[in-house]
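Scroll down for the structure; my scribbles are underneath it.
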Amino acid sequence: MISVNQVAVQFGGFELFSGASFQINQRDRIGLVGKNGAGKTTLLKILKGLSIPNKGEVVVPDDINIGYLPQQMVHSNGKTVLAEALSAFSEVLELEREMASINEQFIVREDHESEGYLRLIGRLSEATERYQLIGGGNIHAAVEQTLAGLGFSSSDFHRNTAEFSGGWRMRIELAKLLLQKPDLFLLDEPTNHLDIESIQWLEEFLMNYPGAVVLISHDRAFLDNITNRTIEINLGKIYDYQASYSKYVELRKERRQQQMAAYRNQQKMIGDTEQFIDRFRSKATKAVQVQSRIRQLEKIDIIEVDEEDLGTINVRFPPAPRAGSIVAEMKNISKSYGTSTILSNVSMILERNEKVAFVGRNGEGKTTLSRIIVGELEFDGELKKGHNVKIGYFAQNQDELLDNEKTVFQTIDDIATGDIRTRIRSILGAFLFSGDSVDKKVKVLSGGERSRLAIAKLLLEPYNLLVLDEPTNHLDMHSKDVLKQALIKYDGTLVIVSHDREFLDGLIGKVYEFRNRKIKENIGGIYDFLKKKKLKSMQALERAPGESGPTGKERKTESAGRKSYEKRKEYEKEIRKLENQVRQAERDINELEKEIAEMNNLLASPDRETLMGLEQDFFSRYDRKKAKLSREMDRWEKLNEQVERHKK
């Protein structure tokens, strides 16, 4: 489908990579991996045609459509979420406008035999055929399904895009890209702003997608679930493995071991041969053998061993000062922004040495509660911090809070105090900032470098409570592994907001799920939580709000039990009623779509007699059915909103 031939890229006198050659086939699922700064994003831009390589070429057939999602993008304002997502179907919308205009002309025109009227019929036939070919009749359902999968509620569809944060607006762009259904997806860190539920939805979408996918991601589980091929950029070279990420790691290790074994054997053979030549060079009786060995050496192709990028961060958090057994206790915490309530009467206790994760859909209050714990936000309720608690905080946008005009060294030097000032260069060196790189300005650093610098600031003094909000965004695989091991060894209390399942696995022992302005405690690791959640989502109905079983010696009276039972039956009855209405609306929509499709087929008929034989009120009935379909779609959407509200 696409061929990359001997591509090389240079910046100044530095060669980013060279000799890059590979092909992208129709159903490929390729993970593009390598350290921060290796050239992954540059290679995606070259595939999209946004950058030109210094050498080589990328051959893309004219009929191939490429969709590209960059890490940073410019967002447009002035449209609703639904309208912005629908803009992915620009051709469909233009055809709808043109077909509506032609139908309006049919209503008022009476020159049925004229050449202009017949041209209109022909154009309507062409437009209708094209409309059906590109799936025009299903775009609204596709848009709503995609937006819902990426975490938008029905009530969000009609909100202006300017009301949403950068992460949510990135989701809108991702939705537009998915809806366009290109032949090839190029995705640069698509999971950075997604929550766990949306990541799982995107995984399902990409696994079943008929086109090709090339993606950059530092989410190991995401890569393993989607990819069947891994292309590595390492120290300027390209390596192509027909395997998912975890298998590629094993194969890479095996390849280097085999190279090293072959290299050692060859070097031994060369050494033995040179020793023979030196020993018998002066002996006439051995002249033939010596010359034979010399020619043998000249013909040898020296085995090269792939270089290893041995640069690695070295994170070790200072020992945590001794704190009380209760690090923080929250009672009835509530927080609102204007009329929007984010948290309502939330209570929890953080204990010494406990490691917990905050998970949930974006906008449910994970970052809000994190900022309340560290003292950045005012709130209603009570927060008591334990004895001698010292808090270190990594904000979700910590890399953006750095001063762009400061150098790497100044960033640390300006906040370091006491004896730590003598170890600034050692700390920076542990995070791969050494030599001239400490004099780089923050504004020229990559996303991964900025994240490493922000984490380095946490080592300037000892903390016994670390609150980390998405610390792994932009970090490469190896840096994440090193950070994870450092956090496992950290002897203080850890609160971490993350959507990275692989990073959380083995690190935390408790999960707090944020949903509907509340939090729910789940004992166990992240995969224990996801397994329980999957089982719960398969149940037809959740338990009615306020219902609970007996605890200890307490038991509900028969009267109270009957009330609870009647309440749940009423609750289930209302849900069933709404769901029946939804199903009826879906049947009505399907019937209308079928009738409109049949009318479209008549309009698309090349038979002039068929077109001229249409009933007088055909076009007015056609318009009425389309208007009714639009009303039924609105009704279906509102009914779904009611079902969603009742289930909350």
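Here the sequence shown stands for residues 150 to 797, numbered as in the numbering used here. Heads up, the beta-carbon is just placed ideally off N, CA and C, and yes, glycines get one too.
Could you tell me whether the Cβ atoms of residue i and residue j are closer together than 8 angstroms?
i	j	result
LEU335	TYR217	yes
GLY802	LEU624	The shown model of the chain, from 150 to 797, leaves out residue 802, and the question about it has no answer.
GLU230	ILE195	With the sequence shown as reference, residue 230 is identified as Val, and Glu is not the correct amino acid for it. Going by C-beta atoms, VAL230 is not nearer than 8 angstroms to ILE195.
GLY487	ASN537	no
TYR412	ILE387	no
HIS289	MET782	yes
LEU608	PRO467	yes
ARG599	VAL593	no
ALA605	LEU551	no
ASP373	SER393	yes
ASP562	ILE569	no
ILE668	MET497	yes
ILE637	VAL508	no
PHE678	LYS515	no
GLU670	TYR661	yes
State buried or exposed for residue i, treating a residue as buried only when at least 16 other CB atoms are found within 10 Å of its CB.
i	result
ASP529	exposed
MET418	exposed
ASN494	exposed
ASP260	exposed
TYR542	buried
HIS307	exposed
TYR714	Confidence at TYR714 is low in this model, with a pLDDT of 40, below 50, so the placement of that residue should be treated as unreliable; the coordinate-derived value is given next. So TYR714 counts as exposed.
MET479	buried
THR706	Residue confidence for THR706 is low, a pLDDT of 35 falling below 50, so the modelled location carries little weight and cannot support an answer.
ILE256	exposed
ILE449	exposed
GLN407	exposed
THR190	buried
THR310	buried
LYS184	buried
ILE672	exposed
GLN688	Only weak support is given to the placement of GLN688: the predicted model assigns it a pLDDT of 38, under 50, and the question is left unresolved by the model.
LYS629	buried
VAL362	buried
SER304	exposed
MET409	exposed
ASN665	exposed
VAL153	buried
PRO339	buried
LYS484	buried
GLN159	exposed
ASN553	exposed
THR642	buried
SER170	exposed
Which one or two residues does DSSP pair with residue i in a beta bridge?
i	result
ILE387	ILE382
MET479	MET497, LEU532
VAL182	GLU381
LEU218	LEU336
SER485	THR490
GLU423	DSSP, once it has assigned bridges, lists no residue as partnering GLU423.
ALA237	Answer is none; ALA237 lacks a bridge partner.
GLY509	PHE663
LYS669	GLU662
LYS504	LEU643
THR517	In DSSP, THR517 forms no bridge with anything.
THR229	ASN309
Just confirm the distance between the C-beta atoms of residue i and residue j, as a whole number of angstroms; I'd bet it's less than 8 angstroms.
i	j	result
ILE201	GLN172	Wrong, their Cβ atoms sit about 20 angstroms apart, outside the cutoff.
LYS325	SER236	7 angstroms
ILE375	LEU181	Contact doesn't hold; Cβ gap of about 12 angstroms is too wide.
GLY188	PHE163	Incorrect: roughly 11 angstroms between the Cβ atoms, too far for contact.
LEU656	LYS504	6 angstroms
VAL631	VAL398	Between VAL398 and VAL631 the Cβ distance is about 15 angstroms, and since that is not below 8 angstroms, they are no contact.
GLY535	ALA579	About 30 angstroms separates the two Cβ atoms, so there is no contact after all.
THR621	HIS367	7 angstroms
ALA276	LEU244	5 angstroms
ILE321	ALA234	6 angstroms
GLU531	ASN481	7 angstroms
ALA734	ASP618	Actually they do not touch by this definition, with Cβ atoms about 41 angstroms apart.
LEU364	LEU351	10 angstroms between Cβ atoms; not a contact.
Runs of beta strand (DSSP E) wholly within the stretch 533-566 (minimum 3 residues, chain order): 540-543
In chain order, what are the residue ranges of uninterrupted alpha helix (DSSP H) at least 4 long that sit wholly in the stretch 583-662? 596-605, 626-638, 650-653
For a minimum of 3 consecutive residues, which ranges assigned as the beta strand (DSSP E) are wholly contained in the stretch 150-214? 151-160, 163-173, 178-182, 204-208
Please give me, in chain order, every unbroken run of the alpha helix (DSSP H) with length at least 4 that falls completely inside the stretch 283-371. Runs found: 288-298, 315-329, 345-356.
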